[in-house]
Every structure is written in C-alpha cells, then in structure tokens.
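According to full-length UniProt numbering, the stretch in the sequence shown is residues 1 to 72, in order.
We treat Cβ as the ideally placed atom computed from N, Cα and C, and that holds for glycine.
I have placed the structure first, in the form of structure tokens, so that the comments after it can refer back to it.
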Amino acid sequence: KRQKCEEENSHLTRLLEQSDKKQFRLEMEVDKLRDQMADLRRQLAERSQNAGTPSAEEANDRKSIYTVYIDG
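As structure tokens, this is what we get:
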C-alpha cells in the first residue's frame with residue numbers, strides 16, 4: 001500500500017513539474033506576442049504620422065496581421 005502511494009506521489013510530482021514548465025513556456029510566448037503587438041502599434045503610429053491616413057493596402061495588411069494573431 002505504501003509503495004502504491006509513493007508511486008502515485010511520484011507521478012503527481014512529475015505532472016506538476018511538467019505543468020510548471022508548460023506554464024513557463026506559455027508565459028514566455030505571451031510576453032513575446034505582447035512585444036510584437038507593441039512593435040506593430042509603434043509602426044502603425046509612425047506610419048499614421050508620416051502618411052496621414054493609411055492607404056487601403058496598408059489597412060488590408062493590418063487586417064491580415066490581426067487575423068494571424070486571432071486565428072493562430
């Protein structure tokens with residue numbers, strides 16, 4: 001009975017460690033995506049300042065970028 005309990009504890013410990021690693025990787029990915037969004041917003045602000053109103057092509061490019069983030 002004790003052996004079974006130790007095996008179960010070991011298994012649960014491994015699962016917890018795996019979930020911690022996965023959570024860390026996901027947090028890193030979220031940070032990376034936030035940085036990318038900040039860069040895109042900065043680029044958009046620069047383009048808006050430089051060109052006034054964005055062209056239809058630029059607007060479509062932005063829609064594509066947002067679709068990638070939403071769908072991806």
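At the level of alpha carbons, what is the spacing between residue i and residue j?
i	j	result
Arg47	Leu40	10 Å
Asp31	His11	30 Å
Gln18	Leu44	39 Å
Thr13	Cys5	12 Å
Arg34	Gln23	16 Å
Asp20	Gln36	24 Å
Ala51	Ala38	20 Å
What did DSSP end up calling residue i once you bin it into helix, strand or coil?
i	result
Lys1	coil
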